[in-house]
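K.L.:
Take 6 as the starting number for the sequence shown in the working numbering and just add one per residue.
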Amino acid sequence: MPLTLKAVPCLRDNYAYLIHDPASGRTAVVDVPEAEPVLRALAQSGWTLTDILITHHHDDHIGGVESLRAATGASVWGANADRHRLPPLDHGLSEGDSVAVGGALGQVIDVPGHTVGHIAFHFPDSHLVFTADSLMALGCGRLFEGSAAQMWDSLTKLMALPDETRICSGHDYIKGNGAFALSVDPDNAALHDRLTALEAARAEGQPMAVATLAQEKATNPFLRARQSYLKSRHDRETSTDLEMFAYLRDLKDRF
6 MPLTLKAVPC LRDNYAYLIH DPASGRTAVV DVPEAEPVLR ALAQSGWTLT
56 DILITHHHDD HIGGVESLRA ATGASVWGAN ADRHRLPPLD HGLSEGDSVA
106 VGGALGQVID VPGHTVGHIA FHFPDSHLVF TADSLMALGC GRLFEGSAAQ
156 MWDSLTKLMA LPDETRICSG HDYIKGNGAF ALSVDPDNAA LHDRLTALEA
206 ARAEGQPMAV ATLAQEKATN PFLRARQSYL KSRHDRETST DLEMFAYLRD
256 LKDRF
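1. Rounded to the nearest angstrom, what separates V43 and Y22 at their Cα positions?
2. Residues in its own chain within less than 7 Å of P4 by CB, not counting five upstream and five downstream?
3. In the DSSP assignment, find the unbroken beta strand (DSSP E) run with Y22 in it and report its ends.
4. Leaving aside the five residues before and after H127 along the sequence, list all residues of the same chain whose C-beta is less than 7 Å from its C-beta, in chain order.
5. Could you check if S131 is buried or exposed, using at least 16 other CB atoms within 10 Å of its CB as the buried criterion?
6. Are the segment 147-155 and the segment 192-209 touching, with three or more C-beta to C-beta distances below 8 Å?
7. Report yes if the C-beta distance between A28 and M6 is below 7 Å; otherwise report no.
8. Are the beta-carbon atoms of N85 and G97 separated by less than 7 Å?
9. Can you give the Cα-Cα distance for Y252 and S237, rounded to whole angstroms?
10. Just how far apart, CA to CA, sit T170 and E204?
11. Looking at C-alpha atoms only, which residue of V106, R254 and D240 is the closest neighbour of L148?
12. Mind the definition here: the segment 178-185 touches the segment 70-89 only if three or more C-beta pairs lie below 8 Å; say whether that holds.
13. By the three-class DSSP mapping on this structure, what secondary structure does P42 have?
14. Provide the residue span of the alpha helix (DSSP H) that contains F135, from first to last.
15. Am I right that V116 and L163 are in contact with their C-beta atoms under 8 Å? What's the rounded C-beta distance?
16. Using a Cβ-based criterion (distance less than 6 Å to any ligand heavy atom), does Y252 qualify as near the ligand NAD?
17. State the DSSP-derived secondary structure class of I124, mapped to helix, strand or coil.
18. Based on DSSP bridge pairs, tell me the residues matched to A12.
19. Taking Cβ positions, are R31 and T60 nearer each other than 7 Å?
20. Looking at A195 and A2, is the spacing between their C-beta atoms short of 7 Å?
21. By DSSP, does Q211 sit in helix, in strand, or in coil?
22. With DSSP collapsed to three states, give me the class of I59.
23. Could I get the ranges of all uninterrupted alpha helix (DSSP H) runs contained in the segment 49-117, with 4 residues as the minimum, in chain order?
24. Since L160 and L140 should fall inside the 8 Å C-beta cutoff, what is the C-beta to C-beta distance between them, to a whole number of angstroms?
25. Near L235, which residues of its chain fall below 8 Å by C-beta distance, leaving aside the five closest residues on each side in sequence?
26. Sort out for me which residues DSSP pairs A33 with in a bridge.
This is the structure we're talking about:
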C-alpha cells in the first residue's frame, strides 16, 4: 500500500511533508521548518509521528526539529556527513542506506550542491522523492556550498528516477522560478501550460512544490541543460551539459 502524502506549508514559503503508512500507522515528516504547523496537521489527520527525516542543515528545514521531537518522541534521521551541524541524530545515514516508514522502504540519495551534505529520500513503491533544495519545482537550489559539477551530478541522479515519481521540494519558489524559466525557454509550450495550471492550482490553495519528474523534465530549465535546441538558443552549441547547467545557474543567480 503506498504512503499517504500531506504537504504542510510552513514559514513564508517552505513545506514540510508528512508521509503515513496506513497499514502500520507509522508516520514520518520530511524536514521541520517549524513545529506548530506539523503538530496541527498531525492532529487533523489523527496520525502519530514516529520519525523525523532531515535533508540538510539549513535552519528553514530543521528549525522545528527539537520542539517536534520533544512533543512526539519521534526518532530523528539525517546525514552522517552533516551530523556536526544537525540536531542530535538517532540514526545517521549515507547514500544507499534505507529508511522504513512502516512497510514502505525509502532509499537515501546523496544530492550535494546546495549544501555539501544534502540528501534526498526516495520511496519507489509510493513514487515519491523528497528533494528539498536540490531539485526544486521549476528550478534547483542555489549553490551555497557545493559546485556546479556536484549539483549537476545530483540532478542527473534524480533525472534517472521513473518519470512518474513525484518530486517533493522544499519551497514554493514558483513565481520566481517560472519567470526565469520563461526568460530562457520562452517557446516551451509545456512550460506555458504548466504555469497556467499552477496559477489555477494556487487559487484553489493546492501545494505548489510537488510535480512529477516528467513535468520537471519538460519544463525545468536546469533539467533541460542537455537539450541541443536550448544550447543553440543561447549560442552555446559547443557547451557540455555541465557547462550549460553552470551557465543557466549563473543566469538565475543574477536574474
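Note that beta-carbon positions come from the ideal geometry of N, C-alpha and C, so glycine has one too.
P.N.:
So, from the data block:
1. Take the alpha-carbon of V43 and the one of Y22: they are about 9 Å apart.
2. Only positions 6 to 260 of the chain appear in this structure, which leaves residue 4 out of reach.
3. Start and end: N19 to H25.
4. By the criterion of a C-beta distance shorter than 7 Å, H127 is surrounded in its chain by G111, Q112, I114, V134 and L166, once the five residues flanking it on both sides are discounted.
5. Buried, because 16 or more other Cβ atoms sit within 10 Å of the Cβ of S131.
6. Too few Cβ pairs lie closer than 8 Å, so no.
7. Going by C-beta atoms, A28 is nearer than 7 Å to M6.
8. Yes. Within cutoff.
9. Cα atoms of Y252 and S237: separation of roughly 13 Å, rounded to the nearest angstrom.
10. Each residue's Cα considered, the two are about 22 Å apart.
11. Considering only alpha carbons, the answer is R254.
12. The segment 178-185 is not in contact with the segment 70-89.
13. Note: P42 maps to helix in three-state DSSP.
14. DSSP places F135 outside any alpha helix (DSSP H); the residue lies instead in the beta strand (DSSP E), whose first and last residues are L133 to A137.
15. That belief holds up - the Cβ atoms of V116 and L163 are roughly 7 Å apart, short of 8 Å.
16. Looking at this structure, you won't find the ligand NAD or any other ligand, since it has none at all.
17. DSSP places I124 in strand when its eight states are reduced to three.
18. Looking at the DSSP assignment, A12 forms a beta bridge with Y22.
19. No. Outside cutoff.
20. Here the chain comprises residues numbered 6 to 260, so residue 2 is not present and cannot be evaluated.
21. When secondary structure is reduced to three states using DSSP, Q211 falls in the coil class, being assigned neither helix nor strand.
22. Secondary structure of I59 (DSSP, three-state): coil.
23. As for any alpha helix (DSSP H) of minimum length 4 sitting wholly inside the segment 49-117, the runs are 64-67 and 70-77, ordered along the chain.
24. 6 Å between Cβ atoms; contact.
25. Short of 8 Å from the beta carbon of L235, and not among the five residues preceding or following it, lie these beta carbons of its own chain, in chain order: V189, D190, P226, R229 and M249.
26. Per DSSP, the beta-bridge partners of A33 are I24 and D56.
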